[in-house]
C-alpha cells in the first residue's frame, strides 16, 4: 500500500437534486481516495446515491442537481492537480475521457444509433485533438483496432457496423474500448455487467481484469452486484442513503464486515457454491432521500438500533487497519458475525 | 416473445461474410417494395377516379350528355360522341374496355380535353399550372421544416424558460388555426386594413411581361408572387414541426448516448448537431409525408385566396365551371405528386436512419 | 397439507415457432418434462433461450406449434369444458416486470376481486373483504387496509410483485409459473420475495415452474427440486438441483457455473474457468448443425458433435439428463449415440491421425 | 352496512353517482389551467350556439340603413353588408358547422376504432389489408378529393358531408389504435387476466378499453378540429350549398360580396374567423386536461 499515489481524492462531497417534492439528498458527505492503480467498488441499492457519485466525478450531473459542498481533486497524467468542482466548461470537456472515462450502465443505448462505430472513435479523437496530438487517419484506425482487440472484439467487423448490428455484450465492450482510446488515468464503470447474460458478463469481467492487472488502470465500479466487487475490487465502499457506511479492503468487507447493512447485503445474496444457505432479506425498504430519518439513516431497518442510533448519525470510524465503518455498534456486529463465522468457514472448507 | 424475434433479428447480420450482401438485398427490396406500393396507390386512385367520373349515376359524363341533348338539341349519339372525345372514352365499348383504354391513355399522359377551353388537352393546362404549385409548396415546406426544426431544438435546449413558453404557445396556436383562415387574416390585415402590401399586384404567378428564364428578375418576381402563399403554408405547418421537434429533442437529450457523448468530452456543437439534432429530427421527418398531403390539399384554398395560379387555383375554377376532365386531371396529378413526394420522403428517411434498412417493413 | 392432491403438468415434445418465411425461428425446440404436484422445476438460461416461451406453454397461455401440454395426462387444448375451467384456475403465472404486470388504472381491490367474483369464490361483500385481507397478509402486505385502495404506481417494485402473487393466489392454484419474479427487484428485497414464494410451496403445496437467468437463485429456490438448463430453445440438461449444480454434465452448464461471479472474493477469483471457443451466441435464424452449442463448446469433437442433434437424454444418470454425446461417451453410455454421429466422429479422428 | 343514511343512499343512487363523477371530472379538468380554459371556451361556444338560437329569431332581420356598422350597444359585433346583426349570425351560424364537425369526427373515430381494433386483434390478412387501406387513404389529398366530390355530387345534406369527411379522416387514428391494441394485448396483465380465466369481455372492456379511452377521447377532439377544417373550407369555397347561416357561409359571402377588400367590414370578417379559431384553440387546449384525466398516475393521490 505504501508509496501509492492518489489519482483522485474526494472530500466531504454533498450533492442534492431539486425536485418538486423537495431536495433529494443523493450524496451526503462522501470522502475517499483512489490510488493510481487501484480499483474501488461502490456497492449499494437503487437510491443509495452511488450513480450520482459516479456522475459527479466527471461532473455530468443532471441540470437539477448541484454540488452543495466538497472537493474533488484529480491528478492528471502530466501531474497537474485539478479541482473538478471549480473547472470551467472547456477545461472540463478536455478533462473528460482524456483523463477519466466513464462506461455507463445502459451501454445498449450509449452509442449514437445513426453513426458507425468507426465514427464514434473518430469523433472522440477529433474533439480531443488539441491535447492528443494528431490521432487521425491511419493512426486512429490503428489505435481503435488496438483498443477493440484489448476487449476481444474483431475490429474488421465492428468498426464498420452500426450499433444496432451488435449484440448487447459487444456494445458494452465497444464502450470500454472507446474508453481506452485516449488512455485515461481512471475508468469509471457504472453497472458494467447488469442486464447481460452470464457468459457475456464473464467475458467483460475478464476484459476488465486484464485492464486492471496488466494495463494498471485505476478503476471505480458502481454496482448493486456484490459479486462484481468480489471479482474486481481492491477496496469496497458500501453506500446507503447517500453515504459510505463501510469502506475497506475487499477481504475485510466480505469476510469481516462491521456494518449491519453490509452484513445484511451479504446475507441476502445466494451463492452457487456449497450447500443451501439460510438467507434473509433486510426488513423494510430504502429510505426516502427527501425525508431522511434522524440519526443513523439505517436505524429503521437495523436489528442493532438503539436510542443513540436514532439520535446521532455515526461518523465513519476506523474499525481495523484498512477498514472503517459508520456504526455505533460495530464491535457487536463484528463479534456476532465472527461467532456465526462457522457457516462461512464451512463453505470455505467445502470449496477446498 | 418479442424479445426473441428482436434477438434473432439483431444477431442475424452477425453471421460472417454474407452479412453485407444480405443487407444490401434487404435495402434494395425495401426500395422495390416501396415503389411498388406507390405505383399501386396511383393505380387505385386512377381507377377510383374513373369509376367516379364514368359510372356514378348522374356523374359528369351522364350529366354532360344530358346537358348537350337538352340545351343544344343534339342527338344522343352526337352528344355521346362529343362526350367520348372530351373524356377520351369510347362510350359504346363495354365498361372494362373503356377502363383499360382509360388506363392506357393515362399511361401515355392523355387526360382528355377541357370542356371550357375547347380542344385544349388537359395535360397541357395542368403542366402550365403545376410548376407554380410545386415551387410554392416545395419552398414553403423546406422553409417551415428547417425553421421549425431549429426553433423546436432551441425550445428544447431552453426548456421551461420564457422563450420556450412563448414559442410553445405560439406553435400550438398557429397549428390549431386552419391555414386558410390564416391566409384570410394576412390578406385582410396586412393587405386591406394596414395596406402594407399591394395584394392585387401580387396576384397571379408572375407579373405581366416577365419571361421565365434563369435571371434575377424572373426569380425575384416568382418569389414576390409566391410570397403570401408561402408565408401561409409556413405558418400553417411550422407549429407542427416546432412542437414535434421540441418533444423529440427533449427526449433525445435524455438519451444515454447524449450523456455519454458529453462524458466523452465532445464539443457542445458536435453533440448538438450529430448526436441530438440528427436523431431528434427523425420523428418530425416521419410526419413529413402526412403533412405533404395536407399542404397539397390546402393549396386549393390558399391559391384561391391569393389568386395564385397553381393547381389548386385551377382545380377551384374547374369545379366552379364543372370542367370535369380538368377536375379529374388535376386531382390525379395532385394525388400522384403527393404519392411521389411521400415515396421520396420515405426513401430519404431510410437513408437517414440506418435501422430502417434492416427492419424493412413499417 | 392436502393441497398437494393436484394434477401433474407435462410438456411432451413441445416446440414453438415465431415469425414466418426467412424470419421463422424455433424459439422452443422439442422440450419435455413433467412437474408433479408440489414439485419445483427451475428453468435456467440466457435471454432468448426460450425459457419464458416454455413457461407460457406450461401455463396454457401459448399453444405449442408441435407437441402437447398435458394436464393430468390429457392435452390441454382438448380438455372438456369443465376440466378446462379447472385447469384455468389451477395454473397461474407471475411475470417479471412489476411495472407491466398490473393494470395501471385498476387499484389493488379491483385487481384482486375480479377473479374472486368471476369464479364465485366469495359469496358476500364481507367474505370478499376478509378474503382480500387474508390474501394480502399471505403475501406480506400488512396491514392490508393500507394497500386495498392503492393503484400500482403508488407501490414499490417489491410490493407490486407481491400484489401479482396475491392475484395468482385468488383462484387457489396448484401450479404457478414464475417468470423471473425477482430479477427486477432490489437486492435487499429479493430474498424476502423468494422466501415468501417458498413459503407458499411449503404451506399451500403449490408446484412451481420457476424461470430465472441466475443459477444461484435457482439453486436457492429449488434445493430439493430440479433444474433444467436451456440453450437456444433446447433443454440441454435437466436434473435434481444438488446433482446438477454439484456435478454438472453438459459443457454448457459447466460453462455457466464456472462463469458465474460469486459474492466471495477468494472463491470467485480462484474459480476454474471453462474457456469457450467463441464468445458470441449463434442466431436462432441460423442454427449450427448438430449440437447448437458446438461452435462455442470446449469439449467439441468434429463429427461427433456437428452431425446429429444430441437427444435430450443422451446422458441419463438416474433421472439426471444431458444432451451431450461427448459426455455420453465418457460416461459409458455410448449406445445412446446414433450410428451416423459415431461414424462421422471416427472418420474425423482418422483424418486428423 | 345495515344502517344506511339518506345521504349515502343518495350517493349510491345512479343519479348521485353520475353527478359525483361529473363533479370529480370537473375538478380534474380544473387542475390544468390552460386545459380548463379550453374546456370553458368549448362548452360556452357549444351551449350558446346550440341553445341560443332557440331564443332568437331564425331569420336575422335585414336593415339596409345599417350597413357595416361598427360595434355598438344594439349591435355588439356590428353589422354586415345587408345590415344584419353579426352577433346574431354568429350565434345562429355555429350549429350547422359544429354538428357536421362532431358527426364527422364520430364517424371517423368509429371507423378508426373498429378497423384498428380488428387489425390489432385479428392480425394476419385482415391486419395487412386494413393497414394498406389506411396507408392508401392517408396519401389521398383529402381537400381536393372532397372538393371534386362536392363538385360532382352536389352535397346538400349535412349527413352526407359529415359522412364523406368521416370516411376520409380515419387512417391516422386507426394506425394508432392498432398499435395500441397490439401493445396492450401483449401486456403482462392481460396475460394474467387470461390465466385467471376472466373471460374475453372482461379483458376487452376492463383491461384494454379503459387504457385506450383517453387516447380515443383526445383523438376525437382532434378529429372534430380536422372535420371543422374541411367543412369550413368547403363552405368557404361555396361547394357545400348549406342554406342556413353559418360561419363558413358568412366567410363565403364576405368573399363573394367583396367585403374582404373593404376596410369597413373588418368586424364582419373577423367574427366568424374568431369563432372558428377560438373553438379550435379551445379543443386543442382542452386536450391538456383530457390527457391528465386519463393518466392514472395523476388521478388519485397528491
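Residue numbers (our numbering), protein chains in the order written: chain A, 32 to 383; chain B, 1159 to 1520; chain C, 24 to 376; chain D, 27 to 328. Glycine residues also receive a C-beta, built at the ideal position from the N, C-alpha and C atoms.
Inter-residue Cα distance where the pair is residue 72 (chain D) and residue 80 (chain D): Position 46 of the fourth chain, counted from the first residue, corresponds to residue 72 (chain D). Position 54 of the fourth chain, counted from the first residue, corresponds to residue 80 (chain D). Taking the straight line from one Cα to the other gives about 13 Å.
Residue(s) in a DSSP beta bridge with residue 33 (chain C): Position 10 of the third chain, counted from the first residue, corresponds to residue 33 (chain C). The beta-bridge partner set that DSSP reports for residue 33 (chain C) consists of C:57 and C:93.
So the beta strand (DSSP E) residue 134 (chain C) belongs to, where does it begin and stop? As a first step, residue 134 (chain C) is located in the third chain; it is residue number 111 there, counting from the start. Here residue 134 (chain C) belongs to no beta strand (DSSP E); instead the alpha helix (DSSP H) covers 131–141.
Using a Cβ-Cβ cut-off of 7 Å (strictly less than) and excluding sequence neighbours within five positions of residue 456 (chain C), which residues of its own chain qualify? Past the edges of chain C, shown from 24 to 376, lies residue 456 (chain C), and the structure says nothing about it.
To the nearest whole angstrom, what separates the beta carbons of residue 266 (chain A) and residue 356 (chain A), a pair I think is in contact under 8 Å? By 1-based counting over the first chain, the position of residue 266 (chain A) is 235. By 1-based counting over the first chain, the position of residue 356 (chain A) is 325. Not really, about 13 Å apart at Cβ, beyond 8 Å.
Return the first residue and the last residue of the alpha helix (DSSP H) that residue 296 (chain D) is part of. Position 270 of the fourth chain, counting from 1, holds the residue named residue 296 (chain D). Per DSSP, residue 296 (chain D) belongs to the alpha helix (DSSP H) from 292–319.
Against chain A, does residue 300 (chain C) count as a neighbour if the rule is that its beta carbon must be under 8 Å from one of theirs? By 1-based counting over the third chain, the position of residue 300 (chain C) is 277. Interface residue (Cβ-Cβ distance to chain A less than 8 Å): residue 300 (chain C) is not classified as such.
Quick one: residues in its chain with C-beta nearer than 7 Å to the C-beta of residue 274 (chain D), no 5 flanking neighbours on either side, listed in chain order? Mapped onto the fourth chain, residue 274 (chain D) falls at position 248. For residue 274 (chain D), same chain residues with a beta-carbon under 7 Å away, outside a window of 5 residues either side, are 123, 257, 258, 261 and 262 in chain order.
Would you call the region 241–258 of chain A and the region 249–267 of chain C in contact, with 3 or more CB pairs under 8 Å? Result no; under three Cβ-Cβ pairs closer than 8 Å.
Beta-carbon contacts of residue 331 (chain A) that lie in its chain and below 8 Å, excluding the five residues immediately before and after: Within the first chain, numbered from 1, the residue matching residue 331 (chain A) stands at position 300. Within the same chain, residue 331 (chain A) has close Cβ partners 315, 318 and 324.
Under 7 Å from the C-beta of residue 165 (chain D): neighbouring residues of chain B: Within the fourth chain, residue 165 (chain D) is the residue found at index 139, counting from 1. 1199, 1451, 1496, 1497 and 1500, listed in chain order.
Output yes if chain B places a C-beta closer than 8 Å to the C-beta of residue 193 (chain A); else output no. The residue you call residue 193 (chain A) lines up with position 162 of the first chain. So yes, residue 193 (chain A) belongs to the interface.
Proximal residues of chain D, C-beta to C-beta of residue 1462 (chain B) below 8 Å: As a first step, residue 1462 (chain B) is located in the second chain; it is residue number 304 there, counting from the start. Those are 263, listed as they occur along chain D.
Given that a residue counts as buried once 16 or more other Cβ atoms are within 10 Å of its Cβ, and exposed if not, what is residue 303 (chain C)? By 1-based counting over the third chain, the position of residue 303 (chain C) is 280. Label assigned to residue 303 (chain C): buried.
Partner residues on chain C for residue 307 (chain A), Cβ-Cβ distance less than 8 Å: Stepping through the first chain from its first residue, residue 307 (chain A) is reached at position 276. Neighbours of residue 307 (chain A) in chain C, taken as residues at a C-beta separation under 8 Å, are given in chain order as 242, 243 and 246.
Flag this pair as touching only if the region 110–128 of chain C and the region 191–203 of chain C have three or more C-beta atom pairs under 8 Å; answer yes or no. Touching, yes.
Under 9 Å between beta-carbons, which chain A residues line up against residue 1511 (chain B)? List them in chain order, please. Numbered from 1 along the second chain, position 353 holds the residue referred to as residue 1511 (chain B). Ordered by position in chain A, the residues that pass the 9 Å Cβ test against residue 1511 (chain B) are 144 and 145.
When you compare the CB positions of residue 129 (chain C) and residue 262 (chain A), do they come within less than 8 Å of one another, or not? Residue 129 (chain C) sits at position 106 when you count from the first residue of the third chain. Residue 262 (chain A) sits at position 231 when you count from the first residue of the first chain. No.
Just checking: is the beta-carbon of residue 1519 (chain B) within a distance shorter than 8 Å of some beta-carbon in chain A? Taking the second chain and counting its residues from 1, the one referred to as residue 1519 (chain B) is at position 361. Low confidence applies here, because residue 1519 (chain B) scores a pLDDT of 36, under 50, leaving its location unreliable and the question unanswered by this model.
Identify the contact partners of residue 97 (chain D) in chain C, using a Cβ-Cβ distance below 9 Å as the criterion. Position 71 of the fourth chain, counting from 1, holds the residue named residue 97 (chain D). Per Cβ cutoff of 9 Å: no residues; residue 97 (chain D) is ~49 Å from chain C at best.
Taking one C-beta from the region 180–191 of chain D and one from the region 200–207 of chain D each time, how about it: are there three or more such pairs within less than 8 Å? With contact defined as three or more Cβ pairs closer than 8 Å, the region 180–191 of chain D and the region 200–207 of chain D are not in contact.
From residue 1257 (chain B) to residue 1355 (chain B), what distance separates their C-alpha atoms? Start at 1 with the first residue of the second chain, and residue 1257 (chain B) comes out as number 99. Start at 1 with the first residue of the second chain, and residue 1355 (chain B) comes out as number 197. Cα to Cα, residue 1257 (chain B) sits roughly 50 Å from residue 1355 (chain B).
With distances taken Cα to Cα, identify the nearest neighbour of residue 249 (chain C) among C:242, C:263 and C:237. On the third chain, residue 249 (chain C) is found 226 positions in, with the first residue counted as 1. Per the C-alpha coordinates, the member of C:242, C:263 and C:237 positioned closest to residue 249 (chain C) is C:263.
Can you confirm whether residue 1417 (chain B), when its beta carbon is compared against all beta carbons of chain A, has any partner nearer than 8 Å? Indexing the second chain from 1 puts residue 1417 (chain B) at position 259. So yes, residue 1417 (chain B) belongs to the interface.
Any Cβ of chain B within less than 8 Å of the Cβ of residue 189 (chain A)? Here residue 189 (chain A) refers to the residue found at position 158 when the first chain is read from its first residue. Chain B contact via Cβ: absent.
Check the C-beta distance from residue 316 (chain C) over to residue 275 (chain C) and give it rounded, since I have them as a contact under 8 Å. The residue labelled residue 316 (chain C) in the question sits at position 293 within the third chain. The residue labelled residue 275 (chain C) in the question sits at position 252 within the third chain. Indeed, because the Cβ distance is near 5 Å, the residues count as touching under 8 Å.
is_contact[residue 1455 (chain B), chain D] using C-beta, thresh 8 Å: Walking along the second chain from the start, residue 1455 (chain B) turns up at place 297. Yes, residue 1455 (chain B) lies at the interface with chain D (some Cβ there is under 8 Å from its Cβ).
Kindly indicate if chain A contains any beta-carbon less than 8 Å away from that of residue 1413 (chain B). Reading the second chain from its first residue, position 255 is the one you call residue 1413 (chain B). For residue 1413 (chain B), the closest Cβ of chain A is nearer than 8 Å.
Contact defined as beta carbons within less than 8 Å: I believe residue 1219 (chain B) pairs with residue 1211 (chain B). What is the distance between those atoms, to the nearest angstrom? What you label residue 1219 (chain B) is simply residue 61 of the second chain in a count that begins at 1. What you label residue 1211 (chain B) is simply residue 53 of the second chain in a count that begins at 1. Sure, about 6 Å apart at Cβ, within 8 Å.
Looking at chain B, is there any beta carbon in it that lies within less than 8 Å of the beta carbon of residue 125 (chain A)? Locating residue 125 (chain A) in the first chain gives position 94, counting from the first residue. So, interface residue.
What are the complete beta strand (DSSP E) segments, minimum 3 residues, inside the region 113–140 of chain A? Runs of the beta strand (DSSP E) lying entirely within the region 113–140 of chain A, each at least 3 residues long, are 131–134 in chain order.
Reference residue 272 (chain A), options A:114, A:50, A:108 and A:292, closest by Cα: Here residue 272 (chain A) refers to the residue found at position 241 of the first chain. Answer by Cα proximity: A:292.
Exposure of residue 1283 (chain B), with buried meaning 16 or more beta-carbon neighbours within 10 Å: Mapped onto the second chain, residue 1283 (chain B) falls at position 125. So residue 1283 (chain B) ends up on the buried side.
Tell me the rounded alpha-carbon separation between residue 1510 (chain B) and residue 1403 (chain B). Stepping through the second chain from its first residue, residue 1510 (chain B) is reached at position 352. Stepping through the second chain from its first residue, residue 1403 (chain B) is reached at position 245. A straight line joining the alpha-carbon of residue 1510 (chain B) with that of residue 1403 (chain B) spans about 16 Å.
My guess is that residue 1456 (chain B) and residue 1412 (chain B) are in contact by the Cβ rule of under 8 Å, so how many angstroms apart are they, rounded? Translated into positions along the second chain, residue 1456 (chain B) becomes position 298. Translated into positions along the second chain, residue 1412 (chain B) becomes position 254. Under the criterion of beta carbons closer than 8 Å, residue 1456 (chain B) and residue 1412 (chain B) do not qualify as touching, at roughly 35 Å.
Sequence-distant residues of the same chain with beta carbon closer than 6 Å to residue 336 (chain C), five excluded per side: Working through the third chain from its first residue, we reach residue 336 (chain C) at position 313. Sequence-distant partners of residue 336 (chain C) (beyond 5 residues in either direction) whose C-beta falls short of 6 Å from its own C-beta, in its chain, are 344.
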